[in-house]
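For reference, the structure discussed in these notes is given below.
Numbering (the numbering used here), first residue to last: 5 to 198.
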């Protein structure tokens with residue numbers, strides 16, 4: 005089955021990686037879903053292995069929602085990649101399941117907020133409607149940033165709701181952080197900015 009098309013429908017997500025608990029990929033304790041495939045190709049991207057549109061871990065939005073909702077103690081989910089808006093309909097379906105259960109939604113995207121809104125893409129609008137926080141803009145290697153969650157100085161935090169605006173991580177986590185974990189297969193996973 006090939007699921008590489010942009011804005012696929014049908015609730016299937018082509019996932020590149022998953023981390024059940026993270027404190028460096030958004031405010032609070034969150035699960036992180038990295039998607040496979042990105043049309044942006046930002047020079048110096050940290051997630052080079054997630055750029056190609058190829059089948060990786062294909063999972064239904066409903067199945068992934070069940071797995072995420074079974075994780076104890078998280079207060080949100082972060083979508084990164086790859087480019088989450090390349091799978092907007094399926095990611096929106098997943099995010100809707102999660103938001104109904106009270107989890108906050110953070111999305112890292114290489115698109116600017118203006119590009120997303122100007123496109124008038126129904127899938128993109130659906131995903132924006134369920135997001136609380138957008139970390140938006142292409143990564144520009146020549147413009148490094150030390151701001152919380154921003155990989156480069158041109159990127160911006162777009163609070164689409166007030167749910168995360170006053171989160172303490174925005175004041176206490178000035179700068180970047182990385183975390184190291186070991187997955188079920190014994191692989192070391194490095195995550196975060198820095």
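Beta carbons are placed, not taken as given, at the ideal position from N, Cα and C, and that holds for glycine.
Under the three-state reduction of DSSP, residue 124 is assigned to coil, being neither helix nor strand. Minimum Cα-Cα distance from residue 173 among the listed residues 189, 34, 63, 164 corresponds to 34.
The straight-line gap separating the alpha-carbon atoms of residue 157 and residue 138 is approximately 15 Å. Between residue 140 and residue 116, the CB-CB gap stays under 9 Å.
In the three-state reduction of the DSSP assignment, residue 165 falls in the coil class. Here residue 20 is near residue 61, since their CB atoms are less than 9 Å apart.
Along the length of the region 11 to 79, whole beta strand (DSSP E) runs at least 3 residues long occupy 16 to 26, 34 to 39, 61 to 64, reported in chain order.
Taking 8 Å as the upper bound for CB-CB distance, residue 54 and residue 76 are not in contact here, some 27 Å apart.
The bridge partners DSSP lists for residue 156 are 148. Between the beta-carbon of residue 36 and that of residue 84 there is about 6 Å, and that keeps the pair under the 8 Å contact cut. As the crow flies, the alpha-carbon of residue 65 is around 14 Å from that of residue 104.
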